[in-house]
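Residues 1447 to 1633 in our numbering are what the sequence shown lists, from first letter to last. Don't be surprised by glycine CBs; every beta carbon is placed ideally from N, CA and C.
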Amino acid sequence: MIQKISAEDLKKMQDREGLVLQGCGGDLREWEDGIHQMLAEEKILQNGAHFKEIYAFEHEGCTNLLFMMDGIELDTGRLALWRLRTHAQFGGTWLSDYLPNRLGVEENVQNGKPDCPLIGANGNIFNLMGIAARTLAENDQNDEAKEMCRRVIQCGSYDAALGVIGEYVNIVSIDEWDEPELNGMEY
(Lines of atoms letter the chains of each structure in order from A and count residues from 1; the text may use other names and numbers.)
(Lines give C-alpha, C1' and ligand atoms only; values in the text may rest on other atoms or scores of the structure.)
Protein backbone atom coordinates (compact mmCIF):
# COMPACT_ATOMS: atom_id res chain seq x y z
CA MET A 1 0.00 0.00 0.00
CA ILE A 2 1.37 3.40 -0.97
CA GLN A 3 1.60 5.93 1.84
CA LYS A 4 1.57 9.66 1.07
CA ILE A 5 4.28 11.70 2.78
CA SER A 6 5.62 15.23 2.46
CA ALA A 7 9.03 16.22 1.16
CA GLU A 8 9.79 17.26 4.76
CA ASP A 9 9.06 13.70 5.94
CA LEU A 10 11.37 12.44 3.22
CA LYS A 11 14.23 14.58 4.54
CA LYS A 12 14.14 12.54 7.77
CA MET A 13 15.04 9.32 5.91
CA GLN A 14 18.77 10.01 5.54
CA ASP A 15 19.76 6.73 7.17
CA ARG A 16 17.77 4.58 4.72
CA GLU A 17 18.04 3.67 1.06
CA GLY A 18 15.44 3.35 -1.63
CA LEU A 19 14.64 3.85 -5.29
CA VAL A 20 12.97 7.15 -6.23
CA LEU A 21 10.97 7.31 -9.47
CA GLN A 22 10.15 10.85 -10.58
CA GLY A 23 7.10 12.12 -12.46
CA CYS A 24 4.67 9.29 -11.70
CA GLY A 25 1.34 10.56 -12.98
CA GLY A 26 -1.99 8.80 -12.99
CA ASP A 27 -3.02 5.86 -10.83
CA LEU A 28 -0.23 5.17 -8.34
CA ARG A 29 -1.46 1.61 -7.77
CA GLU A 30 -0.80 0.92 -11.47
CA TRP A 31 2.71 2.29 -11.02
CA GLU A 32 3.27 0.02 -8.02
CA ASP A 33 2.03 -3.06 -9.90
CA GLY A 34 3.93 -2.18 -13.08
CA ILE A 35 7.24 -1.57 -11.32
CA HIS A 36 6.92 -4.80 -9.33
CA GLN A 37 6.19 -6.70 -12.55
CA MET A 38 9.11 -5.09 -14.43
CA LEU A 39 11.57 -5.74 -11.62
CA ALA A 40 10.40 -9.34 -11.27
CA GLU A 41 10.77 -9.92 -15.03
CA GLU A 42 14.28 -8.43 -14.92
CA LYS A 43 15.10 -10.84 -12.05
CA ILE A 44 15.83 -7.89 -9.77
CA LEU A 45 13.24 -8.86 -7.16
CA GLN A 46 14.23 -12.27 -5.85
CA ASN A 47 12.05 -15.17 -4.65
CA GLY A 48 8.73 -13.37 -5.19
CA ALA A 49 9.80 -10.34 -3.13
CA HIS A 50 7.69 -7.16 -3.13
CA PHE A 51 8.49 -3.75 -1.74
CA LYS A 52 6.81 -3.47 1.66
CA GLU A 53 7.19 0.28 2.03
CA ILE A 54 6.24 2.55 -0.86
CA TYR A 55 5.78 6.28 -0.41
CA ALA A 56 4.33 8.94 -2.72
CA PHE A 57 5.45 12.55 -2.35
CA GLU A 58 5.17 15.78 -4.30
CA HIS A 59 8.16 17.90 -5.25
CA GLU A 60 8.47 20.67 -7.85
CA GLY A 61 5.03 19.86 -9.25
CA CYS A 62 5.76 16.17 -9.78
CA THR A 63 4.43 13.11 -8.02
CA ASN A 64 7.30 10.80 -7.11
CA LEU A 65 7.40 7.28 -5.70
CA LEU A 66 9.92 5.95 -3.21
CA PHE A 67 10.43 2.17 -3.01
CA MET A 68 12.29 1.42 0.23
CA MET A 69 14.91 -1.31 -0.16
CA ASP A 70 15.21 -2.33 3.52
CA GLY A 71 14.72 -6.06 4.01
CA ILE A 72 13.87 -6.75 0.36
CA GLU A 73 15.49 -9.65 -1.45
CA LEU A 74 16.83 -8.03 -4.60
CA ASP A 75 19.80 -8.07 -6.92
CA THR A 76 21.27 -4.59 -6.38
CA GLY A 77 23.62 -4.89 -9.35
CA ARG A 78 20.72 -5.57 -11.71
CA LEU A 79 18.69 -2.82 -10.04
CA ALA A 80 21.53 -0.32 -10.56
CA LEU A 81 21.79 -1.32 -14.23
CA TRP A 82 17.99 -1.10 -14.68
CA ARG A 83 17.98 2.34 -13.06
CA LEU A 84 20.70 3.58 -15.40
CA ARG A 85 19.02 2.06 -18.46
CA THR A 86 15.58 3.51 -17.62
CA HIS A 87 16.69 6.86 -16.18
CA ALA A 88 15.29 8.88 -19.10
CA GLN A 89 11.93 7.11 -18.76
CA PHE A 90 11.49 7.08 -14.96
CA GLY A 91 14.04 9.59 -13.62
CA GLY A 92 15.16 6.84 -11.25
CA THR A 93 17.66 7.77 -8.58
CA TRP A 94 18.68 6.51 -5.15
CA LEU A 95 17.16 8.20 -2.13
CA SER A 96 20.72 8.98 -0.96
CA ASP A 97 21.21 10.96 -4.21
CA TYR A 98 17.75 12.56 -4.24
CA LEU A 99 18.02 14.06 -0.76
CA PRO A 100 21.13 16.21 -1.36
CA ASN A 101 20.61 16.86 -5.09
CA ARG A 102 16.87 17.63 -5.15
CA LEU A 103 15.96 18.55 -1.57
CA GLY A 104 19.23 20.17 -0.49
CA VAL A 105 19.72 17.85 2.48
CA GLU A 106 23.32 17.76 3.65
CA GLU A 107 24.91 14.44 2.84
CA ASN A 108 24.91 11.82 5.52
CA VAL A 109 28.55 11.50 6.54
CA GLN A 110 27.96 7.94 7.73
CA ASN A 111 27.47 6.91 4.12
CA GLY A 112 31.11 7.69 3.29
CA LYS A 113 30.48 7.28 -0.45
CA PRO A 114 31.22 10.27 -2.69
CA ASP A 115 28.84 11.25 -5.49
CA CYS A 116 30.07 10.04 -8.86
CA PRO A 117 28.60 11.22 -12.21
CA LEU A 118 28.00 7.97 -14.11
CA ILE A 119 24.43 8.33 -15.42
CA GLY A 120 24.78 9.71 -18.93
CA ALA A 121 28.45 8.69 -19.19
CA ASN A 122 29.78 6.21 -21.76
CA GLY A 123 28.49 2.89 -20.37
CA ASN A 124 31.65 0.90 -21.06
CA ILE A 125 32.36 -0.76 -17.71
CA PHE A 126 36.05 0.20 -17.84
CA ASN A 127 35.11 3.83 -18.43
CA LEU A 128 32.66 3.75 -15.50
CA MET A 129 35.27 2.02 -13.33
CA GLY A 130 37.82 4.71 -14.23
CA ILE A 131 35.45 7.56 -13.40
CA ALA A 132 34.56 5.91 -10.08
CA ALA A 133 38.23 5.24 -9.24
CA ARG A 134 39.12 8.86 -9.99
CA THR A 135 36.22 10.05 -7.82
CA LEU A 136 37.41 7.86 -4.95
CA ALA A 137 41.01 9.06 -5.34
CA GLU A 138 39.86 12.70 -5.35
CA ASN A 139 38.14 11.98 -2.03
CA ASP A 140 41.27 10.49 -0.41
CA GLN A 141 40.00 6.93 -0.82
CA ASN A 142 42.90 5.49 -2.82
CA ASP A 143 42.79 2.10 -1.11
CA GLU A 144 39.07 1.83 -1.83
CA ALA A 145 39.70 2.78 -5.48
CA LYS A 146 42.25 -0.01 -5.88
CA GLU A 147 40.01 -2.53 -4.12
CA MET A 148 37.01 -1.53 -6.25
CA CYS A 149 39.01 -1.88 -9.50
CA ARG A 150 40.30 -5.30 -8.45
CA ARG A 151 36.76 -6.46 -7.63
CA VAL A 152 35.24 -5.03 -10.84
CA ILE A 153 37.83 -6.77 -13.01
CA GLN A 154 37.03 -10.09 -11.31
CA CYS A 155 33.27 -9.78 -11.94
CA GLY A 156 31.70 -12.20 -14.35
CA SER A 157 29.04 -9.83 -15.66
CA TYR A 158 28.32 -6.19 -16.37
CA ASP A 159 25.51 -6.21 -13.78
CA ALA A 160 27.79 -7.52 -11.05
CA ALA A 161 30.53 -5.02 -11.94
CA LEU A 162 28.08 -2.13 -11.79
CA GLY A 163 26.85 -3.39 -8.43
CA VAL A 164 30.42 -3.35 -7.11
CA ILE A 165 30.94 0.23 -8.30
CA GLY A 166 27.72 1.21 -6.51
CA GLU A 167 29.11 -0.18 -3.26
CA TYR A 168 31.89 2.44 -3.35
CA VAL A 169 30.25 5.54 -4.86
CA ASN A 170 26.82 7.17 -5.04
CA ILE A 171 25.94 6.98 -8.73
CA VAL A 172 24.49 10.31 -9.87
CA SER A 173 23.62 11.86 -13.22
CA ILE A 174 26.08 14.03 -15.12
CA ASP A 175 23.21 16.53 -15.41
CA GLU A 176 22.88 16.73 -11.61
CA TRP A 177 26.63 16.99 -11.01
CA ASP A 178 27.50 20.39 -9.63
CA GLU A 179 31.28 20.38 -9.93
CA PRO A 180 32.10 23.35 -12.20
CA GLU A 181 35.25 21.77 -13.62
CA LEU A 182 33.17 18.89 -15.01
CA ASN A 183 30.66 21.04 -16.86
CA GLY A 184 31.07 20.35 -20.56
CA MET A 185 33.52 17.50 -19.94
CA GLU A 186 32.86 14.43 -22.06
CA TYR A 187 32.78 11.00 -20.51
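Between the CA atoms of residue 1486 and residue 1570 - distance to the nearest angstrom:
Rounded to the nearest angstrom, the two C-alpha atoms are 26 Å apart.
Any 3 or more C-beta pairs closer than 8 Å across the stretch 1485-1502 and the stretch 1578-1588:
no
For residue 1551, which residues from the same chain have a beta carbon less than 8 Å from its beta carbon, with the 5 sequence-adjacent residues on both sides left out?
1457, 1460, 1545
By DSSP's criteria, residue 1466 is part of a beta bridge. Which residues make up the other side?
1512, 1539
Leaving out five residues before and five after residue 1527 in sequence, what residues of the same chain have Cβ atoms less than 6 Å from its Cβ?
1605, 1608
Any idea what DSSP makes of residue 1505, helix, strand or coil?
strand
C-beta contact flag for residue 1538 and residue 1529 at 8 Å:
yes
Using the C-alpha atoms, what's the distance from residue 1588 back to residue 1573?
18 Å
Tell me which residues share the same chain as residue 1453 and place their Cβ nearer than 8 Å to its Cβ, disregarding the 5 neighbours each side in the sequence.
1503, 1504, 1505, 1549.
Residue 1573 by DSSP, collapsed to three states: which one?
If DSSP states are grouped into helix, strand and coil, residue 1573 belongs with the helices.
Mind checking who residue 1616 pairs with in its DSSP beta bridge?
Per DSSP, 1561.
Who are the Cβ neighbours of residue 1509 in its own chain at under 8 Å, not counting the five residues just before and after it?
The answer, listed in chain order, is 1469, 1470, 1471, 1474, 1502, 1503.
Whole-angstrom distance between residue 1516 and residue 1634, CA atom to CA atom:
Outside the shown range of the chain (1447 to 1633) lies residue 1634, about which nothing can therefore be said.
Ordered along the chain, which non-local residues of its own chain (more than five positions away) have a Cβ less than 7 Å from that of residue 1541?
Take residue 1541, set aside five residues on each side of it, and the residues of its chain with a beta-carbon closer than 7 Å to its own are 1459, 1462, 1463, 1464, 1466, 1512, in chain order.
From 1617, 1483, 1600, 1477, pick the residue whose C-alpha is nearest to that of residue 1564; which is it?
1617
Reference residue 1601; option with closest CA among 1620, 1615, 1483, 1575:
When C-alpha distances from residue 1601 are compared across 1620, 1615, 1483, 1575, the shortest belongs to 1575.
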